[in-house]
Every structure is written in structure tokens, then in C-alpha cells.
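Heads up: the structure comes next, in C-alpha cells.
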Amino acid sequence: MKTVKYILILANIFLLICCGAFLFSENGGGVRKMESAAIILAFELLNICYYYFFRRQAVHLSADVCRCADNVLHGISVQNMQYRETLTSKMAAELDKLEGAVAFHLEENRKEKKELQEMISEITHQIKTPVSNIKMYCEMLAEYDSAWEQPGQFLDIMKQQLRKLEFLLDTLIKSSRLETEMINLEPENGRVIETLAAAVNGVMHKAEGKDIDISVVCPSFLRVYHDIKWTAEALENILDNAVKYTPANGKIRITVNTGEMYTEIQVKDTGKGIEAAEMNNIFKRFYREKSVSRTEGLGLGLYLAREIISLQKGYISVRSKEGKGSCFSICLPNRA
Amino acid sequence: MYILRAENVKKYYGAEPVLVKALDGITLEVEQGSFTAIVGTSGSGKSTLLHMLGGLDTPTDGSVVVDGQELSGMDKNELTIFRRRKIGFIFQNYNLIPNLTVYENIVLPVELDGRAADRRYLETVVKTLGLNEKLEQKPNQLSGGQQQRVAIARALAAKPAIVLADEPTGNLDSHTSREVIGLLQTTSKNFHQTIVMITHDDEIAQSADRAIRIEDGKIAESRWA
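From first to last, the protein sequence lines stand for chains A and B.
If you read the first sequence in the working numbering, its first letter stands for residue 3, the second for the next number, and so on.
If you read the second sequence in the working numbering, its first letter stands for residue 2, the second for the next number, and so on.
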């Protein structure tokens, strides 16, 4: 920018010298000479005026922009200058957008922090119950009196509580690893049917216990970029839920459809369904529907499932009618 | 934080004996970054409401405030620029320009504003929408779902505060519809945009953060999911 400025100034000086040389040179008529010199001088003057005019414009623009930036910084709206067809207005609009984005991120961070705090209190709450149970039975065992029932019963209860604790910690570790990105998902062009098989195997035992029929419809050649191990885990969590909330002799159907952008794995059950008001909450950490608070569970399964799928740039959606069953769609992008 | 607020918005057509109340006192607030679905039968006034929210039409009475700006105080030119910079529109019939390529269609709103397109941002948008290989094609060489994806990219190109969609899946089969909505949701989440969408599909409305049912120009039901 600076060199351009100097070149222009030099060019102007050069023109002036030429003009002078022309004026005092020997040949040519006097009047003609004066005329040409006047024209050249006039151009010269115009040139200088132009320079100052545009410089002033640039100074004004930058002053306006600085003022806008100051306003944005102090949280004063720059609305009044946003909707005009001028350069300043364009900049004001961009600055306003920037401010909006920053404010939005701040708000998001605040929300996340609050969620985290709630989560910590929830975790401690969840851990406390089994621990205090174990403690109680331990104390009872210490005061064991042969006149009491067999100690085996106590031990069984303690074992059960320990299992609960173990399960809780296991799930927590998984979810925290996923969140802190300690786990790198390794998508490969794997066969969907294998992932499905792994997931179904995980819940087969439970399903058989309730006489629930699980059917899978999936072309065996179908491949999709996904992390087989973790996707199977996500699917297993969803299937586990389906089994849990489907009454005995129910049906679970898994179908796979390929679309233009996504491959959709549909898990449809004949369970109790989800209330419309609960629909968006079910993916929240530690969220449990009030009506199912008696059924075993922590409210981490679906949260984890969604986390796994969205890390792979896919998404999960649910459709459900109360009393008629739910249908989960797990959508994975066709290309990596 | 509310990005959009409509207060007691009314739109009447005609005069007393044959007065048509397209909108009859609608008050609603939309939170930033949320996905709102508006449902209702045809003729219930949902399209009119969307037009009011986007500054495409002016209400008979009441006020619409978008991103802190009251729309009724603006003149026609200001409104045009407002729409160009703040609102992204998606229509049922895509409204792509047939003799421009996909890429030209997408950057049109930005270029109309006399700005250079933010290439890095556009690249991510185009990639999430799976349009990277279609950029040089003309819209009529694409399928319906692909065309609507181009329209979504165009709506997002100017980084608008709000995306207004009028039955974006009305012309698509149910499977493609779900895909388009899924994409719309993921992209808007990634780029922190607010969506207000009209739909007659209850399934789609179910997946929204909030569903509003409009009947006879009034809000009949507002449900937070």
C-alpha cells in the first residue's frame, strides 16, 4: 500500500517536471504552450483532490468500523446501521454476527458447566446408595450372631450391590473417555451385519429370558464406514433398552435401509413407547422416565449411544406412540 | 436467549363483512439455536406466520422482533437487506436458479450482498451436505433430495441468524424427507443456527425441540419436547 502511494507521488512530481520542461522549452507558440500547461496543471490538481477525497473516505470508514467494534464490545447494539447498502453497514453486520456467535458460545459454556455440576452431584448420589448398602451389610456381618439366618444371604446382597457399582463405574468410564476424546473411533468400511450380530448377541440372553423375538433384516453385503466395536456398543444399548421396556413375548425388529446420504438402522419394538413430552429427554445423561424409575438402569445407555453415533457424524432419531412401541433410527453417513 | 419474538401478530385481509383473519393474535418466542416446528392444516395461517417472521410480509398489527431488531420500523430497502443478511429461506419447491451451477446457486445470497464467500465455511457446509461432487452441475441434473440439499446450503451460506423453512420436505418421499431433516438438524447444530420449519408431517414435528400447532390463525398448542 505504501509503495503504491510513493509511486503515485513520484509520478505526480514527474508530471509536474515534464509540464515545467515543456513550458520553458524553445519551440512552439506561446499561447498554445500556456493552454497545454494549464490543462496538465488542472489534471494535476484533480489528481491531488482525488487522493485526499479517497483518503478521507478510508479514514471515515475505519473510524466507523472502530466505533462499531467499540459499541459491540460494550454490548451496545449496532442495529441502526446494519441494514444499509454501504460498506460500513456490511462491516457492522459482520461485527454483529461475530458478537452474536461469541455470546452464544459463552452461553453454551455456561450451560455445559451447569450440566457438569449436576452430573457430578448425580454420580455421587448414584454411588452412595450401593456403598451405604454394602457398608450396612458389612456391619451386620461383623455383628454376626449364629442365631441369625445364613450369612450367605447378606453376601449375595453385597455382591449384587457391588455389581451395580461396577456397572455404574464401567459406564461412567466409557462415557468420560468418549467425551474427553480419549477414544479414537476408527471407522472402517465394515459389514453392517457383523456389527448387528455383535450387538444382538449382547442382549440375546436377556431377550430369551423374556421370550422376546428379535429379527434382523439386513443385506449381508452392505458395508458402511463405521467403528465396528463402538457402534455395536451403541446398538447394544438401544437394544438393551428395547428388551427392558418390551413386555414378555414381544417383538424387536431391526431393519437396515440405505439412503442417499445415510444408512439407517431401524430398531422397532413393541414395548411401552415413550411419552411425547419425554422424547427429547431420553438422550440426556442420567435421565430416567418417572414411570420407569423402578426398572433397573442408570440413564446412561442412550446418552452414550448418541455420543458414539454423533462422533461418527451420524444421528439418532426416535419416533414413538405411547403403548404401541418405539422406533429408533440410527443413521450413519455413507461416506467417511 | 430469544432470537425471535412475535407479539400479538395479526394479519387481516378484506373489510368487516368478509374479514379474513389469517393470523389472529399470535405471540411466540424462539430460543437461539433451537429447532421449532409449526404444524397445522392448510389454510390455518402457518405460511403467513412464517412470512411475517421473515419480513416477507407486514402484519396488520403486532410486532416481530428478530435478533433485537423490530421489523415494522424498517422501510422496504432495509427489509431487503435484513432478509439477505439475517434470514435463510428454504422452500418446498427449492427455488433454485436453473441456469446457474450448484455452486453459483449456493453463493448467490452472499454475492448479492457484495461480499466474498467464506470459502472455508462453505466447504464444510457443502461437505456435510454431501454436495462436493455436484458443485459444477446444474440443478435440473439432481434428484429432489439433492436439490433440497443445495437449497439448504444456500440458506446457510450467508450465515443467517435464522433459517425459515416452508414445508422443505413437501415434495420428497418419506425416507428422503427424514434424511433432509436429519441433515438440516445436524448442520444447524454445527453452525449454531435457529430453525423455524413448517411441516404437516407429525413424525418430523416430533423430532423438533418444540412443536407449535396453529389453528384458525391462533396457536392451539405449544409443546416443548
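Note that beta-carbon positions come from the ideal geometry of N, C-alpha and C, so glycine has one too.
* Below 9 Å between beta carbons: does that hold for V269/A and F223/A? -> no
* Are there 16 or more other CB atoms within 10 angstroms of the CB of H62/A, so buried, or fewer, so exposed? -> exposed
* Asked: Can S223/B and D202/B be called in contact, C-beta distance under 9 Å?
  -> no
* **Cα-Cα separation, T61/B to E216/B** => 19 Å
* Per DSSP, the bridge partner or partners of I199/B -> I39/B and D167/B
* Asked: Are the beta-carbon atoms of I196/B and A154/B separated by less than 9 Å?
  -> no
* Asked: Looking at C-alpha atoms only, which residue of T59/B, F36/B and R150/B is the closest neighbour of L24/B?
  -> T59/B
* Asked: Per DSSP, which one or two residues make a beta bridge with N259/A?
  -> E266/A
* Are the beta-carbon atoms of G325/A and G275/A separated by less than 9 Å? -> yes
* Pair every Cβ in the region 82 to 100 of chain B with every Cβ in the region 32 to 50 of chain B, then say whether three or more of these pairs are closer than 8 Å. => no
* **For G303/A, three-class secondary structure by DSSP** => helix
* Asked: Taking the Cβ atom as the reference point for each residue, do L136/B and Y104/B lie within a distance shorter than 9 Å?
  -> yes
* Asked: In chain B, what lies closer than 7 Å to A236/A by C-beta?
  -> Chain B residues near A236/A: none, gap ~16 Å exceeds 7 Å.
* Does the beta carbon of E262/A come closer than 9 Å to any beta carbon on chain B? -> yes
* List the endpoints of the continuous beta strand (DSSP E) containing G89/B. => I88 to I91
* **Alpha carbon of I318/A to alpha carbon of A65/A, nearest angstrom** => 49 Å
* **Interface residues of chain B facing R86/A [CB-CB closer than 9 Å]** => N78, E79 and I82
* **N49/A versus K35/A: straight-line alpha-carbon distance, rounded** => 21 Å
* Opening and closing residue of the beta strand (DSSP E) in which K323/A lies -> Y317 to K323
* To do: Give me the Cα-Cα distance between I205/B and A278/A, rounded to the nearest whole angstrom.
  => 13 Å
* Asked: Measuring CB to CB, does A158/B end up less than 9 Å from V111/B?
  -> yes
* One or two residues paired with R193/A in a DSSP bridge -> R225/A
* **9 Å Cβ cutoff, G55/B in contact with chain A** => no
* Check whether the region 39 to 46 of chain B touches the region 62 to 77 of chain B, taking contact to mean three or more Cβ pairs, one atom from each stretch, closer than 8 Å. => no
* To do: Using three-state DSSP, classify E8/B as helix, strand or coil.
  => strand
* To do: Taking all protein chains shown into account, decide if L143/A is buried (16 or more other Cβ within 10 angstroms of its Cβ) or exposed.
  => exposed
* **I284/A - containing beta strand (DSSP E), residue span** => Unbroken run through I284/A: none, as it is neither H nor E.
* Asked: If you check the beta carbons only, do K219/B and G26/B fall under 9 Å apart?
  -> yes
* Check whether the Cβ of G77/A lies closer than 9 Å to any Cβ atom in chain B. => no
* To do: Output the boundary residues of the alpha helix (DSSP H) element that contains P153/A.
  => P153 to E181
* **Assigned secondary structure, C20/A (DSSP; H/G/I helix, E/B strand, else coil)** => helix
* Quick one: what does DSSP say Q148/B is sitting in, helix, strand or coil? -> helix
* **Short-range partners of chain A found in the region 124 to 158 of chain B, where Cβ spacing is below 9 Å** => T129, L130, G131, S144, G146, Q147 and R150
* Asked: So which of E180/B, E168/B, G56/B and Y3/B has the shortest CA-CA distance to N259/A?
  -> E180/B
* Asked: Looking at A7/B and F90/B, is the spacing between their C-beta atoms short of 9 Å?
  -> no
* **Nearest to V202/A (by Cα), restricted to the options L118/A, A234/A and L174/A** => A234/A
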